[in-house]
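K.L.:
Read in order, the letters of the sequence shown correspond to residues 9 to 257 in our numbering.
My questions will all concern the structure given below.
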Amino acid sequence: MKYCTKCVMPSTRPGITFDENGVCSACQSYERRKTIDWDARFKEFEKLCDKYRGINGNAYDCAIAVSGGKDSHYQVHLMKEVMGMNPILFSVEDNFPMTEAGKHNLKNISDEFGCNIISLKPDIKTQKKLMRYTFEKYGKPTWFIDRLIYTYPMHMAVKFNTPLLVYGENVSYEYGGADYIETYSAKNQLSNGVASDIDLNELIANTGVSMKDLEMTKAPSKSEMDLLDPMYVSYFLPWNSYANYKFAS
Ligand SMILES: [Zn+2]
């Protein structure tokens, strides 16, 4: 195992690469920020918002996938208060006992910004069966939940006709990972290695769950994906988790 010579990120991070000086792809992305024309990027962002603002009349014109934390607070502020959009928020919650802080934070978003949040409370029976199997087979106990965090907002964005589905940072680009491409589009997010495809028939054969139990974990169909325009905020603005934390506090 080796470590990045700059930030000590280990080579065990899925999809990470290193240059000839042993510097990881996340550090290289961070260096590249200095060369980016952020004013031009923000203009691109404005254009994208202009394209979708008001598309459904008084109904929602964009969607944000939120957990309720610092980054969610910043994204909701950005889309609603800065860009003048009308977002609906999608969240996956309550699959594990939530802390009081977690409950407070999620509620605080609707309290502060005046937004509706639609939450998926996942099927715990299926979760238990899958957690054990994906842990023992792949070392990924939270595959089911991670997968839903990606797929549920996409399915909902299709239903609400809100093509502009907002995500925070592109984790592959910002922190190093399999889907290492600099683009605003989050269309390929599912292949970033966090919750990649597992053969559903394998899960059914080994855990006793049914295809119906797994429906929500499926990626949207090709024709559904064509309707969506999912985006990463981190392409348009220099992403800063610490600043988001300070903003949320
Ligand atoms: Zn590094």
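The beta-carbon is built from N, C-alpha and C at its ideal position, and this holds for glycine as well.
#1: As an exercise, report each continuous beta strand (DSSP E) stretch of at least 3 residues that is fully enclosed by the segment 142-208, in chain order.
#2: Whether or not the segment 146-156 and the segment 67-78 are in contact is what I'm after, with contact meaning three or more pairs of Cβ atoms, one per stretch, closer than 8 Å; do they touch?
#3: Closest to Arg140 by C-alpha separation, out of Ala71, Gly92 and Leu211, would be which residue?
#4: Any heavy atom of ligand 1 closer than 8 Å to the CB of Cys32?
#5: In whole angstroms, give me the CA-to-CA distance for Tyr60 and Pro171.
#6: Tell me whether Asp45 is buried or exposed, calling it buried when 16 or more other Cβ atoms sit within 10 Å of its Cβ.
#7: From Leu235, Leu222 and Phe50, pick the residue whose C-alpha is nearest to that of Cys70; which is it?
#8: For Val74, is the classification buried or exposed, using 16 other Cβ atoms within 10 angstroms of its Cβ as the cut-off for buried?
#9: Which of helix, strand or coil does DSSP assign to Cys32?
#10: Do you know offhand how far Thr13's Cα is from Tyr183's?
#11: Taking 8 Å as the cut-off, is the C-beta of Val90 nearer than that to any heavy atom in ligand 1?
#12: Restricting to Cα atoms, I'd like to know which of Ser180, Tyr192, Trp247 and Lys230 is closest to Gly23.
#13: CB-CB under 7 Å to Asp27, same chain, minus the five flanking residues each way: which ones, in chain order?
#14: Using 8 Å as the Cβ pair cut-off and three pairs as the minimum, do the segment 107-122 and the segment 204-218 touch?
#15: Could you check if Met9 belongs to the surroundings of ligand 1, using beta carbon to heavy atom distance under 8 Å?
#16: Report yes if the C-beta of Val179 is less than 8 Å from at least one heavy atom of ligand 1; otherwise report no.
#17: Hey, out of Glu54, Tyr82 and Asp131, whose CA is closest to Ala251's CA?
#18: In this structure, does DSSP put Ile125 in helix, strand or coil?
#19: Below 8 Å on the Cβ atoms is my guess for Cys32 versus Cys15; work out the distance and round it to an integer in Å.
#20: Would you kindly report the start and end of the unbroken beta strand (DSSP E) that includes Cys70?
#21: Give the secondary structure of Ser37 by DSSP, where H, G and I count as helix, E and B as strand, and everything else as coil.
#22: Among the candidates Ser242, Lys230, Tyr38 and Met106, whose CA atom is the shortest distance from the CA of Met162?
#23: Please determine, among Ser249, Asn103, Met239 and Ser199, the residue with the shortest C-alpha to C-alpha distance to Val174.
#24: For Asn94, which residues in the same chain have their Cβ closer than 6 Å to its Cβ, ignoring the five residues on either side in sequence?
P.N.:
Result, derived from the coordinates:
#1: You should have 173-175.
#2: No: the two stretches stay apart, fewer than three of their Cβ pairs being nearer than 8 Å.
#3: Considering only alpha carbons, the answer is Leu211.
#4: Yes.
#5: Rounded to the nearest angstrom, the gap between the Cα atoms of Tyr60 and Pro171 is 8 Å.
#6: So Asp45 counts as exposed.
#7: Answer by Cα proximity: Leu235.
#8: Val74 counts as buried, since no fewer than 16 other beta carbons sit within 10 angstroms of its beta carbon.
#9: Of the three classes helix, strand and coil, the one that applies to Cys32 here is strand, per DSSP.
#10: Note on geometry: alpha-carbon atoms of Thr13 and Tyr183 lie some 15 Å from one another.
#11: Checking every heavy atom of ligand 1 against the Cβ of Val90, none is found closer than 8 Å.
#12: Answer by Cα proximity: Ser180.
#13: The residues are Gln36.
#14: They do not touch, by the three-pair rule.
#15: The answer is no for Met9.
#16: Outside the cutoff, so no.
#17: Comparing Cα positions, the closest option is Tyr82.
#18: Residue state for Ile125 is assigned as strand, using DSSP reduced to three classes.
#19: Distance from Cys32 to Cys15 at the Cβ level is roughly 7 Å; contact confirmed, criterion being Cβ atoms closer than 8 Å.
#20: Run containing Cys70: Cys70 to Ala73, per the beta strand (DSSP E) assignment.
#21: Ser37: helix per DSSP, three-state reduction.
#22: Checking every option, the nearest Cα to that of Met162 belongs to Lys230.
#23: Here the closest residue by C-alpha is Met239.
#24: Non-local C-beta neighbours of Asn94 in its own chain, meaning closer than 6 Å and more than five positions away in sequence, comprise Tyr68 and Asp69, ordered along the chain.
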